[in-house]
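K.L.:
Residue numbers (full-length UniProt numbering): 1 to 237.
We treat Cβ as the ideally placed atom computed from N, Cα and C, and that holds for glycine.
On a predicted model such as this, the values are computed, not experimentally measured, just so you know.
Okay, here's the structure, questions in a sec.
Below, the structure written as structure tokens:
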């Protein structure tokens with residue numbers, strides 16, 4: 001009988017502990033059920049980090065847009081914006097103290113202002129450091145194929161600029177350039193003729209106005225003399 005009691009006393013604490021563990025699990029389960037579930041699966045730090053990344057990404061995108069816009073503005077303003085824009089404007093031929101020098105072959109080379117005298121059709125862009133053909137840009141036949149001398153990039157191979165079979169010489173011999181030069185000369189003659197005709201007409205107009213003034217002045221004097229004579233004759237009668 002005593003042995004049976006001892007056995008029962010041995011298992012009694014174990015049973016109490018099992019009941020305590022069961023109660024603890026139930027309390028944890030109840031507490032878990034009462035707490036609101038976070039379906040996002042993200043912690044506050046993760047959310048804050050994602051928001052910051054989104055802001056950084058937006059800032060980087062805006063910065064890239066600004067850089068692209070700046071590059072676009074520079075490209076449009078530096079292409080051919082500092083040379084003649086129409087045939088009414090003369091060729092742009094600046095004479096700076098120094099032209100930009102670029103390594104080509106074994107030395108640094110640059111555009112030369114003396115080339116304007118040899119090739120009057122040349123114009124130079126200081127912003128893009130390249131040469132253009134004024135005649136081909138403004139007086140080429142419609143739908144003609146562009147060359148490097150009337151393209152936005154222009155000609156800048158200064159090493160070959162004065163070659164007999166390249167650069168300016170080859171361009172000057174081309175059929176397209178020859179026709180453009182003829183059209184330019186015709187335009188210059190027409191402008192000169194119109195200016196001369198305008199000057200002649202202006203001189204004739206001034207002469208006619210002066211003659212009319214003299215006529216009116218003389219006529220007014222004659223009329224005044226006639227009136228004075230009539231008035232005097234009436235008084236003598």
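What's the C-alpha gap between residue 122 and residue 133?
P.N.:
Those two C-alpha atoms are separated by around 5 Å.
K.L.:
Helix, strand or coil for residue 136, going by three-state DSSP, please let me know.
P.N.:
Helix, per DSSP.
K.L.:
Give me the Cα-Cα distance between residue 112 and residue 101, rounded to the nearest whole angstrom.
P.N.:
One C-alpha to the other measures close to 11 Å.
K.L.:
Rounded to the nearest angstrom, how far is the Cβ of residue 184 from that of residue 139, given a contact under 8 Å?
P.N.:
That belief holds up - the Cβ atoms of residue 184 and residue 139 are roughly 5 Å apart, short of 8 Å.
K.L.:
Ignore the nearest five residues each way along the sequence and tell me which others in residue 36's own chain have a CB closer than 6 Å to its CB.
P.N.:
The predicted position of residue 36 is uncertain, since its pLDDT is 45 and thus under 50; no value can be drawn from it.
K.L.:
Taking Cβ to Cβ, would you say residue 131 is nearer than 7 Å to residue 180?
P.N.:
Not in contact: residue 131 and residue 180 (Cβ atoms no closer than 7 Å).
K.L.:
If distances are taken between C-alpha atoms only, which option among 213, 212, 176 comes closest to residue 142?
P.N.:
Looking at the Cα atoms, 176 is the closest of the given residues.
K.L.:
Determine, using beta carbons only, whether residue 81 and residue 91 come nearer to each other than 7 Å.
P.N.:
Against a cut-off of 7 Å, the Cβ pair of residue 91 and residue 81 comes out as no contact.
K.L.:
Hey, would you say residue 104 sits closer than 7 Å to residue 159, going by beta carbons?
P.N.:
Cβ atoms of residue 104 and residue 159: closer than 7 Å.
K.L.:
Just to confirm the assignment, what range does the beta strand (DSSP E) spanning residue 239 have?
P.N.:
Beyond the ends of the chain as shown, which are 1 and 237, falls residue 239; an answer cannot be given.
K.L.:
Could you check where the beta strand (DSSP E) with residue 103 kicks off and where it finishes?
P.N.:
Residues 102 to 104.
K.L.:
Rounded to a whole number of angstroms, what is the C-alpha to C-alpha distance between residue 253 and residue 119?
P.N.:
With the chain running from 1 to 237 in the structure shown, residue 253 is simply not present.
K.L.:
Could you compute how far the alpha carbon of residue 239 sits from the alpha carbon of residue 188?
P.N.:
Past the edges of the chain, shown from 1 to 237, lies residue 239, and the structure says nothing about it.
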